[in-house]
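A.B. asks:
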Amino acid sequence: MIGEIKEVKHTEEQKAALSHIYGPSRIIACAGSGKTTVLTDKILRVIEEGIAQPFQILALTFTNKAAQNMKERVIRKLQGEVDEHELQISTFHSFGYDIIRENSLLMGLDTNVRLIGRAESWQLLYEIFDDFVFHKVKIGLNIGGFLDHLLDYILDLKDHLIDFETYEKFIIRRPQEIAAFPSDALGKEEEEVFEKQKELLQVYQGYEEIKFRNNYIDHGDQIMLPVRLFRERPAILARYQNRFPFIFVDEYQDTNIAQAELVYLLAGQSKNVTVVGDDDQGIYGWRGATIQNFLHFGDAPLFGPGEVKDFRIQSNFRSGQRIIDVASRTVEANLQRVKKIPQAYHRDQRSEVYAFVRDSFAQEMGQVAHQIRKLVAEQGYGYRDIAVLCRRKLFELISEVFNREGIPYELIGDRSFFYRPEILDAISWLRLTRDPNHGISLVRILQGERFKICDRDIFFLAQQAQESTPKSSLEAERRQTLSLIDAVLNADQSEKVSPEAKERLRQLKNDLRRFILLSERFRLPQLLREIFESTGLLDELRAENNPESHRRLRNLEKLIRIAADFEGVREKASFENFVLYLEEVLKAAEREPEEILIGEEDTVKVMSVHAAKGLEFPVVFVPLLCDGIFPGRDRKAKFQVPLSLRGDRDYIPRPEEYSSKARFKQAQEEFYLEEERRLFYVACTRAMEKLYLSAHRITDPTNKREREKEISPFLKNSLETGLVEIIEDVDKDKSVLQAPLHPSFNLPPQSGDDSAVYIAENERKSTYPGQIQSNHPLTYIVKNARTLGELKDRLKELHSGISFSPDVEKRAYEAELDLLKLQREKEKPGRLEPVPRHIFSYSALNTYRECPQKYFWSYIEPLPTPHTYFMKVGTFIHRMIELASGQSLSILDLNFPESFEKYEYSPAYWEGGEPVVDEEREKLSPKEMALNFARSRFSRPDPEVVQVLVEQHFNLKVGDNVIVGVIDRAQKYADGGWEIIDFKSGVRGQRDVLSRNFQLQIYALAFSEIFRVDPQRLKCTLFFLGDGSEECGVYGEQKLAQVKKEIMRITEAVKKNKFSPRKSFRCESCPFGELCAWRRGTAHNLG
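Heads up: the sequence shown begins at 15 in our numbering, then just goes up one per residue.
(1) Alpha carbon to alpha carbon, how far is D294 from I261? Give it in angstroms, no decimals.
(2) Would you check if there are 3 or more beta carbon pairs closer than 8 Å linking the segment 408–427 to the segment 380–389?
(3) Keeping to the same chain, check which residues put their C-beta closer than 7 Å to that of E98; ignore five residues upstream and five downstream.
(4) For E606, does the three-state DSSP call read helix, strand or coil?
(5) Go through its chain and collect everything with a Cβ distance to L567's Cβ below 6 Å, but skip five positions before and after it.
(6) Given a threshold of 16 other Cβ atoms within 10 Å of its Cβ, counted over all protein chains shown, does H564 qualify as buried or as exposed?
(7) With DSSP run on the structure shown, which of helix, strand or coil describes G453?
(8) With a Cβ-Cβ cutoff of 9 Å, do V1134 and L1032 count as a contact?
(9) Using three-state DSSP, classify R983 as helix, strand or coil.
(10) Using 8 Å for Cβ pairs, my map puts K619 next to E424. What's the rounded Cβ distance?
(11) For P513 and K466, I'd like the C-alpha separation in whole angstroms.
(12) Kindly list the residues whose CB is nearer than 6 Å to the CB of I185, restricted to its own chain and excluding five residues on each side of it in sequence; keep chain order.
(13) Sorry if obvious, but does the Cβ on R1010 come closer than 8 Å to a heavy atom of the ligand PLP?
(14) In angstroms with no decimal places, state the Cα-to-Cα distance between E918 and M943.
(15) Since M121 is in the alpha helix (DSSP H), which residue starts that stretch and which ends it?
(16) Taking just the CA atoms, how far does K723 sit from I712?
(17) Is it true that the segment 332–343 meets the segment 300–312, where meeting means three or more beta-carbon pairs spaced less than 8 Å apart?
(18) Just verifying my parser: in three-state terms, what is the DSSP assignment at S1022?
(19) Helix, strand or coil: which one does DSSP assign to V1007?
(20) Spatial neighbours of A341 within its chain, please: C-beta separation below 6 Å, excluding the five flanking residues on both sides.
(21) Who does N330 pair with in a DSSP beta bridge?
(22) How is R364 classed by DSSP in three states: helix, strand or coil?
(23) Quick one, are the C-beta atoms of P866 and S1074 less than 9 Å apart?
(24) Taking the alpha-carbon positions, what's the F952 to I981 distance?
(25) Going by DSSP, what residue range makes up the alpha helix (DSSP H) through V88?
(26) How should C1046 be labelled, buried or exposed, when 16 other C-beta atoms within 10 angstroms of its C-beta is the threshold for buried?
(27) Residue range of the alpha helix (DSSP H) that G380 falls in?
(28) Give the secondary structure of E509 by DSSP, where H, G and I count as helix, E and B as strand, and everything else as coil.
(29) Under the assumption that F331 contacts G48 (Cβ atoms under 8 Å), give the Cβ distance between them as a whole number of angstroms.
(30) Return helix, strand or coil for I157, following the three-state DSSP convention.
(31) Taking all protein chains shown into account, decide if Q273 is buried (16 or more other Cβ within 10 angstroms of its Cβ) or exposed.
(32) Rounding to the nearest angstrom, what Cα-Cα distance links E387 and M1062 in this structure?
(33) If I'm right that T50 touches T77 with Cβ under 8 Å, what's the distance once you round it to whole angstroms?
(34) Identify, in the order they occur along the chain, each residue of the same chain with its Cβ nearer than 7 Å to the Cβ of I355, setting aside the five sequence neighbours on each side.
(35) Using a Cβ-Cβ distance cut-off of 9 Å, determine whether D235 contacts chain B.
(36) Report the rounded CA-to-CA distance for A476 versus L498, giving the unit in angstroms.
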């Protein structure tokens, strides 16, 4: 349920605010106090009492929806006595545009001045981009995104009334100002910023000139140009002051500097201006708003001392007192605010606040899902009565949990308009029309509703394209450039692609050829409409005829309007530029959507706090209250308005005021933290009856680099009130997490015989230096056993002398039988068979940790992938070491493939999973690696070493699973201690590697249990062939217990079909990229 403020009689505080008609007034409101209603009622009083005519009243707000609601309320109360067109109730920008059109000639513009949207503004910058020269400003590879940042900067300047002339004067005087900085460190830092600001001057100038030549104005001009007109032409200003003797402004805490100046100018004669707002709800600083306009409204030069009358309305009609007190506790820490004492209007209103902290993200959100189910099943709430407020970047994670837990939900303001499925489909067609080699768009179209080409057919198409790639050189082999569209065009020649797919691909070819031809003849809107009609998308949505299909149809019409806006009257508005623009808009996912649409379905509403402002719900969850998430880190714009030019510069930290860089940074952090406190206050005050606050310590337990999070200070503040009820630990209610995303914190330890480890080659059969045996006997048995009975007998013989329980013997045999079957299946040509779900290699486990969907295509529905050049080098290096160790010959005497001389190793990827910071590429040949090995202690006899194992195979039993692997080298010392060594073909890097190396941890677990070695006496070593360095350490029992838990977590997730994709830096090199849900733009669970 999304409610509105209930109709109630005015409180005494509201009556006082309504009684003040003449002169300036500021209404200081609390959340839920009905401030917009009070403002509207004051407008009604002025009209009803004949103080002013409807057309003499100017009311300004920020959204079309708010303006329309206010206008409808006034008309309804006056019972039709006033015409809608008599009321000047509008947004700031709409009102500013009216002023520009009425006075365009006085501003140097033609009467047909045209307002351009962001799309065309972007295009103007694109047209003149080649005229700019940058030395200090970094452009990067993403030109479109860079232009987007430039446009943001220009609009930010205009929000602070900084025109080109003002900016130019700043550039001239700034060096002298920097020279006077009390801090040399801050001065040097500001000099670097200033060099970029100088280069941005040419951008501002070029953009304004081309805009003026074409008689255009942009979003920022709608306020800045009227302000300039009123300042320069007092007679024009007086005319508007006389026209609007009464001015009302809603949500004044959200105004920017330009909007506030416009209000001051218009109110300068009568001073009959009423502003209403709540500084504690000022949460739009990131888009130019400043709460200083509201806090210091009475300090404006327009008003005399004490002339502005303040009125407080502090009765909250929405929330119960407990919720109000908890929400207020955090925001009261802000220094820049007006003190208030909010009180619940309904004293008997039910009000409860709960909190809980869990170990992992999965446990926290599992608890949220559990509480939601209880609220619906036991307390009579509907799903629509519940909202979950969080950062938009976490929507995907939360939706994954809710999907698994069966919680119906709706994502409000999910990314942006351009990420909606029907828009992504349309953009995919445009991309493909522009560039038929755009593989991601092609895959999306292939798998869409029109063609429905299955993943396996797509894979064979990609394979066909790969096989046709020339491989005459090493470089061609390494790049393996694919052209999926070529495979589509030649699909009829493929024996593997299904007949049904071939028929559909013929239609796709016809569609694509037609769109390419039309793109050269049609204008953008016409081309889009033709694509929608020809692909059947419009017919499909019209046939559905339901609210959702109507919404999607409106979205397609909006995209056509965007194309028309982009094209406008520009002669250079090419189809190619439009596609480029759309691609860059897609990357700008951090912007809050302009339009918030909330459905009436019985679903939990998941939204950002910004999207929830002005709404209310019976139950609100505010999860993820972890330091770094909420409060978050200050995300500064790429280009920031010079602090000394900002209109609110007297109230923000500036470097020229600090003698210490550390103090300046601390002041900046506190300034940002105040807005985060306000954001938390807004989140909490959306709740009417129940508020849930929660946090977790670790987001992803599989990520060994992640540090434990600090609980948000906001949650700590809330707990300090003593008004919050703690929800007991999730472990006390096992129903909470039926299928946890990351359950490694709750897995029970293994015990008894069932945790034994099996290995065919045990210590009894290992050999000594000079007689090193590297081949696992199981290899011979698997390849040569003629019958299963023979296999069984040989396995029993192999295991003789090892005492295990009958049950353990049985499972060991079954595991090795599975290995035999797997080996046999791998030798069959054609389709690979899935790996049994209880057998895991280290590679399989690590693949799942990297990306569950990659695991799916590698092991569940395995698709063949070519051996990469780097895999071949790695295999050769390890084999080389094995031969040198076994034959006691010099490793440098071995033959090296000639092609390996060109091997280039990039330290950007190493086995520990973290990119090395060093950006320089280091060229290493196998011979250089071999030389590093030859210089190491492993290439010569050691009198302390009494036993050596090379390429040691193992089968490790963990629960009902078998973990298989091969240890590069193990050696026993005279004192009874052991060392296991894993050879790496890379370089060590700068950070601790051993503690995060999952592979070596598994090997240590296997070896300690197989050979009954005390973990404290098992030395674990990583030897890096790239630079000859090594890192050694001991893991210990506690660490190995954690490794076992992590193995159980992965294996259980596999058995429960959890194969959602996980984005990382590895995605670009993934062999299954064309099949990936992330790469297609929609994540889903293949299970």
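For each residue, glycine too, the CB sits at the ideal point set by N, CA and C.
C.D. replies: Per the coordinate set shown:
(1) Distance from the CA of I261 to the CA of D294, rounded to the nearest whole angstrom, comes to 23 Å.
(2) With three or more CB-CB distances shorter than 8 Å, the segment 408–427 counts as touching the segment 380–389.
(3) Closer than 7 Å at the Cβ level, and outside the excluded window around E98, lie K85, I89.
(4) Any reading at E606 is ruled out, since the residue's pLDDT is 46, under 50, leaving its predicted position unreliable.
(5) The answer, listed in chain order, is L555.
(6) Around the beta carbon of H564, fewer than 16 other beta carbons sit within 10 angstroms, so the residue counts as exposed.
(7) In the three-state scheme derived from DSSP, where H, G and I count as helix and E and B as strand, G453 is classed as helix.
(8) This structure gives no information on residue 1134, because the portion of the chain shown stretches from 15 to 1101.
(9) Three-state result, R983: strand.
(10) Yes, they are in contact, since the Cβ atoms of K619 and E424 sit about 6 Å apart, within 8 Å.
(11) So the two alpha carbons sit approximately 13 Å from each other.
(12) Once the five neighbours on either side are set aside, the close Cβ partners of I185 are K212, L215.
(13) For the structure depicted, the ligand PLP is absent and the ligand set is empty, with no information on it obtainable.
(14) Interpretation of E918 is limited by its pLDDT of 39, a score under 50 that renders its predicted location unreliable; no figure is taken from the coordinates.
(15) In the DSSP assignment, M121 falls outside any alpha helix (DSSP H), carrying neither H nor E.
(16) Answer to the nearest angstrom: the Cα atoms are 6 Å apart.
(17) Output reads no: the segment 300–312 does not touch the segment 332–343.
(18) In the displayed model, S1022 falls within a helix according to three-state DSSP.
(19) DSSP places V1007 outside both helix and strand once states are collapsed to three, so it counts as coil.
(20) If you ignore the 5 residues before and after A341, its C-beta comes within less than 6 Å of the C-beta of Y695, C698, T699, all in its own chain and listed in chain order.
(21) A358.
(22) Of the three classes helix, strand and coil, the one that applies to R364 here is coil, per DSSP.
(23) Between P866 and S1074, the CB-CB gap stays under 9 Å.
(24) Looking at the two C-alpha atoms, the distance is approximately 15 Å.
(25) Segment 78–91, the alpha helix (DSSP H) holding V88.
(26) Label assigned to C1046: exposed.
(27) That run of the alpha helix (DSSP H) goes 375–392.
(28) Three-state DSSP puts E509 in coil, outside helix and strand.
(29) With 8 Å as the limit, F331 and G48 qualify as a contact, their Cβ atoms being about 6 Å apart.
(30) The answer is helix: DSSP assigns I157 an H, G or I state.
(31) Q273 is buried by the Cβ-count criterion.
(32) According to the sequence as given, residue 387 is Arg; it is not Glu. Between the alpha carbons of R387 and M1062 lies a distance of about 28 Å.
(33) Actually they do not touch by this definition, with Cβ atoms about 12 Å apart.
(34) The residues are Q328.
(35) You won't find chain B in this structure, because it holds only one protein chain.
(36) Their backbone Cα atoms lie some 5 Å apart in a straight line.
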